[in-house]
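Contents: one structure, followed by commentary.
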Amino acid sequence: FQQFLGQLLFDCDQVDEAIRCFQRALTLCPGYIDELNNLGIALARRGKFDEAIACYRQALQRQPNQSEVHNNLGKVLLDQGWLTQAIASCTQAFELNPALVEAYNNAGMAYMAQGHLDKAINCFQQAIAVRPQYAEAHSNLGMAWQAQGQLDKAIACFRRALELEPEFVHAHSNLVYALQ
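Residue numbers (the working numbering): 72 to 251.
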């Protein structure tokens with residue numbers, strides 16, 4: 072019950088209450104992978120990154136083949152600037168689940184932050200190959216093309232992202248910047 076209540080509260084943006092529910096659920100069922108993952112997501116939303124990382128790592132110690140948990144860990148590591156670790160975690164995620172496009176996207180963002188634009192482009196293209204309607208990957212691919220000075224390709228990517236998601240603010244700002 073605590074798991075479902077926690078998820079409902081999280082979905083209603085009552086993150087602190089959700090965290091308490093996930094923690095209660097873990098008290099009742101220690102080591103429950105879904106609860107560790109959900110608690111990690113909620114803690115990350117609250118900026119408690121070290122605690123989120125600890126939840127993800129605990130979940131992966133119990134079940135190392137959880138692609139979603141690897142990706143969530145990779146995202147937090149990326150957000151914290153631990154790029155090499157983020158790439159390793161996201162790579163593990165998409166090797167376990169090649170359909171997990173968010174893992175390709177997160178790895179691409181980490182590669183781009185490292186200046187490895189060819190690797191970033193490859194990751195974004197893989198995400199798009201799996202899910203052609205993934206607007207964020209189109210926009211991120213555009214940013215990588217733009218960083219390489221290939222403005223025509225970048226503009227095409229930003230426009231494609233906006234075709235898919237007309238209200239996508241980042242794609243709008245990226246397109247405006249590329250057209251200047």
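Just so it is clear, CB atoms sit at the ideal spot from N, CA and C, and this is done for glycine as well.
Which class does residue i belong to by DSSP, given the choice of helix, strand or coil?
i, result
"residue 117", "coil"
"residue 213", "helix"
"residue 165", "helix"
"residue 238", "coil"
"residue 170", "coil"
"residue 133", "helix"
"residue 189", "helix"
"residue 179", "helix"
"residue 127", "helix"
"residue 84", "coil"
"residue 156", "helix"
Apply the 10 Å Cβ neighbour rule to residue i and answer buried if 16 or more other Cβ atoms are within range, or exposed otherwise.
i, result
"residue 248", "exposed"
"residue 117", "exposed"
"residue 138", "buried"
"residue 234", "exposed"
"residue 136", "exposed"
"residue 166", "exposed"
"residue 228", "buried"
"residue 16", "Any question about residue 16 goes unanswered here, given that the chain covers just 72 to 251."
"residue 152", "exposed"
"residue 99", "exposed"
Taking 7 Å as the limit between beta carbons, can you name the residues of its chain near residue i, skipping five residues before and five after?
i, result
"residue 219", "188"
"residue 143", "108, 111, 112 and 127"
"residue 172", "198, 201, 202, 205 and 208"
"residue 193", "none"
"residue 134", "104"
"residue 180", "149 and 211"
Could you name the residues of the same chain whose beta carbon sits closer than 6 Å to that of residue i, not counting the 5 residues immediately before and after it, in chain order?
i, result
"residue 232", "206, 209, 210, 239 and 242"
"residue 190", "182"
"residue 114", "122 and 123"
"residue 174", "142, 161, 164 and 165"
"residue 131", "140"
"residue 168", "138"
"residue 236", "206"
"residue 120", "147 and 151"
"residue 195", "179, 208, 211 and 212"
Below 8 Å on the Cβ atoms is my contact criterion, and I expect residue i with residue j to pass it. Report the Cβ-Cβ distance as a whole number of Å.
i, j, result
"residue 170", "residue 201", "6 Å"
"residue 225", "residue 213", "4 Å"
"residue 185", "residue 154", "5 Å"
"residue 157", "residue 177", "7 Å"
Just to confirm my understanding: we take residue i, look at its own chain, exclude 5 residues before and 5 after, and list those with CB closer than 8 Å. What are they?
i, result
"residue 216", "192, 222, 224, 225 and 228"
"residue 230", "246"
Answer with yes or no whether the minimum CB distance from residue i to chain D is below 8 Å.
i, result
"residue 205", "Looking for chain D here will not work: only one protein chain is present."
Return yes when at least one heavy atom of the ligand PLP lies under 7 Å from the C-beta of residue i, else no.
i, result
"residue 123", "The ligand PLP is absent from the structure shown, which contains no ligands of any kind."
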